[in-house]
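Enquirer: Per this note's numbering, residue 30 is the first one in the sequence shown, and the count goes up by one each step. All C-beta atoms, glycine included, are put in the ideal place defined by N, C-alpha and C. Remember, it's a predicted structure, so these values are computed and weren't measured experimentally. Please read through the structure below; I'll follow up with questions.
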Amino acid sequence: MKRSKIIRDHRSVLNTDAFDKRRFKELFGMSDGLQKVREEGELPTTESLLGDIWAALYKMKPQLLKEVADRSLKPNRTIIKKLMTDQRFEEYRRYTRLDDLAATVCAVKFGEKINVWLAEVKAEDKELRERLEAVQSLQEEMPVRQAEEMEKAEDGLMQELEKASVQLNDKLELTLATNGERFLQAMDEAVEETIKVKESVISLMGGSSAGKGDAELKKVPLREQLAVADKVAQDPKIREIADWAGRFKQVAREKQKSKYVDAMEWRSVMLGNEIERLLPIELSLYSHDATKNDFLRRFAEGETLQYDKKKREELGKGPIVCCLDQSGSMKLLDNQSKGFILALLTIAKKQRRDLCVLLFSTTIQRNTYVKGKITGNELIRLARTYLGGGTDFTLSLEGAMKVIEQSTFKRSDVIFVTDGEDEVSEEFLKKFHKKKKLKEFNVLTLLVGNDTDVAESFSDRVLHVTDFDEEGSFTAFEI
Numbered sequence: 030m031k032r033s034k035i036i037r038d039h040r041s042v043l044n045t046d047a048f049d050k051r052r053f054k055e056l057f058g059m060s061d062g063l064q065k066v067r068e069e070g071e072l073p074t075t076e077s078l079l080g081d082i083w084a085a086l087y088k089m090k091p092q093l094l095k096e097v098a099d100r101s102l103k104p105n106r107t108i109i110k111k112l113m114t115d116q117r118f119e120e121y122r123r124y125t126r127l128d129d130l131a132a133t134v135c136a137v138k139f140g141e142k143i144n145v146w147l148a149e150v151k152a153e154d155k156e157l158r159e160r161l162e163a164v165q166s167l168q169e170e171m172p173v174r175q176a177e178e179m180e181k182a183e184d185g186l187m188q189e190l191e192k193a194s195v196q197l198n199d200k201l202e203l204t205l206a207t208n209g210e211r212f213l214q215a216m217d218e219a220v221e222e223t224i225k226v227k228e229s230v231i232s233l234m235g236g237s238s239a240g241k242g243d244a245e246l247k248k249v250p251l252r253e254q255l256a257v258a259d260k261v262a263q264d265p266k267i268r269e270i271a272d273w274a275g276r277f278k279q280v281a282r283e284k285q286k287s288k289y290v291d292a293m294e295w296r297s298v299m300l301g302n303e304i305e306r307l308l309p310i311e312l313s314l315y316s317h318d319a320t321k322n323d324f325l326r327r328f329a330e331g332e333t334l335q336y337d338k339k340k341r342e343e344l345g346k347g348p349i350v351c352c353l354d355q356s357g358s359m360k361l362l363d364n365q366s367k368g369f370i371l372a373l374l375t376i377a378k379k380q381r382r383d384l385c386v387l388l389f390s391t392t393i394q395r396n397t398y399v400k401g402k403i404t405g406n407e408l409i410r411l412a413r414t415y416l417g418g419g420t421d422f423t424l425s426l427e428g429a430m431k432v433i434e435q436s437t438f439k440r441s442d443v444i445f446v447t448d449g450e451d452e453v454s455e456e457f458l459k460k461f462h463k464k465k466k467l468k469e470f471n472v473l474t475l476l477v478g479n480d481t482d483v484a485e486s487f488s489d490r491v492l493h494v495t496d497f498d499e500e501g502s503f504t505a506f507e508i
């Protein structure tokens, strides 16, 4: 069933303003997770509750209203009060305050946990279940109204709903008093899951700079961040790919860093704040009390003197073409392989190199990422794609040649990954080697598990590895 992206209930038990409500409306429209929680909500007022949970997590100084004119919101106020008066809540807000992604993911997680908790307690408490059902039944008989409209309402149905809501709230307060520890434990779990989801999104989309994943993630449109976060939260496969991507990106950083250092030499002097490049005179200023504070000020502002580096040789040669075997025997390594490709993408993005991924078995699927850029939808599609079937080297190598025929892919680095064996005709090899010479590209083959002479026949270098997580595979990050 298609979920509505429209916010219908803007009522609040917090000091929310027009900006807060408008911002949550935008986020709600982007987040499948929020829409799903509303759809599955145990409370009739779940929609407004989600808005208040988000505001409590996001705002600098969220405050509960002393009284709510609309008594049907009393259960919401009771739940929000339980959250905000817990001593751990301010600690939660360290991760979510003024952070659109973290606050939205956490609101989803809180909403999910509240729905589960309410389902559990109502299953054990007949009175609570009956009062919830009474409120739900009355709510279904009338459309959601704005708070100012409800204040003026004098019809019997509205009075009935408010009376039922007050009774539900009385029972809810009693339930939280007796079962509150389980409720708060569920909220702890929600925050832990939020942190893991955000870390996974950073691993998938945050780029390759050490310690700057959060900052780099902010360059990605929020809609894409939320779409990937929703998929990460729902799909263990994508979470595992994120773990591998984080691991491989770290290795790729080290490989590229060492290559960069080896290919550089000190030339002139420039301003900056990279410790390893500071001039000796600056380090001496730091070591003296009289000049230390001035040094620290200039260092913080990036105005200390440091050596400039100039390249001795060109680093990245050209575009990257990655031929990845997706035959049935590679299934167990699929998550590793996708993390590996995402690490290659960070290299391509940093060096502004096009990257083409050719997934192959007995069929082939081509994905081109210009300058290493990948959207959220492309990332999810790549993560979930698995071809299966047999192995056809010729099909893949022909696909690589077609890509390299494009002018933008001249002088490519080709990475060929397989665990299979296949026959390649002499006629095809002659054509392939002629094309290699003409288009000036090289082939690095990662041979997983098997020993075959076929790979040697079309490769410039063959590395035998057992999986992607070993030193031989990391050679691909030096391209």
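Kindly indicate which residue of A85, G428, L374 and E69 has the alpha-carbon position closest to the one of G235.
Expert: It is L374.
Enquirer: For S528, which residues of its own chain have a beta-carbon under 6 Å away from its beta-carbon, when the five flanking residues on both sides are left out?
Expert: Not covered by the structure: residue 528. The range shown for the chain is 30 to 508.
Enquirer: At which residues does the alpha helix (DSSP H) containing L384 begin and terminate?
Expert: That residue, L384, is in no alpha helix (DSSP H); its beta strand (DSSP E) goes L384 to F389.
Enquirer: Roughly how many angstroms lie between the CA atoms of Q188 and N406, to the nearest whole one?
Expert: Spanning the two alpha carbons is a distance of roughly 47 Å.
Enquirer: Assess contact between the stretch 492-506 and the stretch 357-368, defined as three or more Cβ pairs (one per stretch) separated by less than 8 Å. Is contact present?
Expert: With the cut-off at 8 Å, the stretch 492-506 and the stretch 357-368 touch.
Enquirer: Would you check if the distance between the CB atom of L353 and the CB atom of L408 is smaller than 8 Å?
Expert: No. Outside cutoff.
Enquirer: Compare the C-alpha of T437 against each of K431, R381, T404 and P348 and name the closest.
Expert: Nearest option by C-alpha distance: P348.
Enquirer: Near S60, what residues of its chain come up, given a Cβ to Cβ distance below 6 Å and the 5 sequence neighbours on each side ignored?
Expert: Around S60: T133 and L255.
Enquirer: Can you tell me the Cα-Cα spacing of D396 and C385, whole angstroms?
Expert: Note on residue identity: the sequence assigns Asn, not Asp, to residue 396. Roughly 6 Å between the two C-alpha positions.
Enquirer: Looking only at C-alpha atoms, which of T404, G417, A377 and K378 sits nearest to M394?
Expert: According to the sequence displayed, residue 394 carries Gln and not Met. Closest option to Q394, Cα to Cα, is G417.
Enquirer: On the criterion of 16 or more Cβ atoms from any shown chain inside 10 Å, does Q175 qualify as buried, or is it exposed?
Expert: Low confidence applies to Q175: its pLDDT is 45, below 50, so where it sits in the model is not reliable enough to give any reading.
Enquirer: How should A505 be labelled, buried or exposed, when 16 other C-beta atoms within 10 angstroms of its C-beta is the threshold for buried?
Expert: So A505 ends up on the buried side.
Enquirer: Whole angstroms is fine: what's the gap from K111's alpha carbon to E68's?
Expert: Going by the C-alpha atoms only, they are around 23 Å apart.
Enquirer: Report the three-state DSSP secondary structure of N44 (helix, strand or coil).
Expert: If DSSP states are grouped into helix, strand and coil, N44 belongs with coil.
Enquirer: Compute the Euclidean distance between the alpha carbons of G501 and Q355, then round it to the nearest angstrom.
Expert: Computed Cα separation, rounded: 20 Å.
Enquirer: Leaving out five residues before and five after T223 in sequence, what residues of the same chain have Cβ atoms less than 8 Å from its Cβ?
Expert: Y124, T125, A131, V134, C135 and K138.
Enquirer: In the DSSP assignment, find the unbroken beta strand (DSSP E) run with Y398 in it and report its ends.
Expert: That run of the beta strand (DSSP E) goes I393 to Y398.
Enquirer: Reducing DSSP to helix, strand and coil, say where H462 ends up.
Expert: Helix.
Enquirer: For the beta strand (DSSP E) that R158 lies in, which residues bound it at each end?
Expert: Taken as a continuous stretch (DSSP letters only), R158 belongs to no beta strand (DSSP E), being part of the alpha helix (DSSP H) at K155 to E169.
Enquirer: Label V446 either buried or exposed according to how many other C-beta atoms from any shown protein chain fall within 10 Å of its C-beta, with 16 as the threshold for buried.
Expert: V446 comes out buried.
Enquirer: DSSP three-state call for R341: helix, strand or coil?
Expert: Bear in mind that the predicted position of R341 carries a pLDDT of just 40, short of 50, making it unreliable; the figure below should be weighed with that in mind. Three-state result, R341: coil.
Enquirer: Bridge partners for C352 per DSSP, in chain order?
Expert: DSSP, once it has assigned bridges, lists L387 and F445 as partnering C352.
Enquirer: Relative to the C-alpha of E221, which residue among A193, S486 and A262 is closest?
Expert: Ranking A193, S486 and A262 by Cα distance to E221 puts A262 first.
Enquirer: For A281 and E507, what's the separation of their Cα atoms in angstroms?
Expert: So the alpha carbons of these two residues sit roughly 8 Å apart.
Enquirer: Report yes if the C-beta distance between L308 and L334 is below 8 Å; otherwise report no.
Expert: Going by C-beta atoms, L308 is nearer than 8 Å to L334.
Enquirer: Specify, as a first and last residue, the run of the beta strand (DSSP E) that R490 falls within.
Expert: Taken as a continuous stretch (DSSP letters only), the beta strand (DSSP E) holding R490 covers R490 to V494.
Enquirer: Please list, in chain order, all residues of the same chain as D57 whose beta carbon is under 6 Å from its beta carbon, the five residues on each side excluded.
Expert: The identity of residue 57 in the sequence shown is Phe, whereas the question assumes Asp. Excluding positions up to five away in sequence, the list reads I36 and L63.
Enquirer: Within 10 angstroms of its Cβ, does K466 collect 16 or more other Cβ (buried), or is it exposed?
Expert: K466 is exposed by the Cβ-count criterion.
Enquirer: At the level of alpha carbons, what is the spacing between A6 and T320?
Expert: Only positions 30 to 508 of the chain appear in the structure, and residue 6 is not among them; the question remains open.
Enquirer: Given this structure, state the Cα-to-Cα distance separating A84 from L78, to the nearest angstrom.
Expert: Using only the alpha carbons, I get a separation of about 10 Å.
Enquirer: Are the beta-carbon atoms belonging to T513 and V150 less than 8 Å from one another?
Expert: No information on residue 513 is available, as it lies outside the stretch 30 to 508 that the chain covers here.
Enquirer: Do D259 and S232 have their CB atoms nearer than 8 Å?
Expert: Against a cut-off of 8 Å, the Cβ pair of S232 and D259 comes out as no contact.
Enquirer: Measuring only the C-alpha atoms, how far is E120 from I433?
Expert: E120 and I433: Cα-Cα distance of roughly 53 Å.
Enquirer: So does the stretch 158-169 actually touch the stretch 189-196, counting three or more Cβ pairs closer than 8 Å?
Expert: Yes, they touch.
Enquirer: Out of curiosity, what's the CA-to-CA distance linking L94 and E218?
Expert: Their Cα atoms are separated by approximately 27 Å.
Enquirer: Below 8 Å on the Cβ atoms is my guess for V453 versus S425; work out the distance and round it to an integer in Å.
Expert: That belief does not hold up - the Cβ atoms of V453 and S425 are roughly 10 Å apart, past 8 Å.
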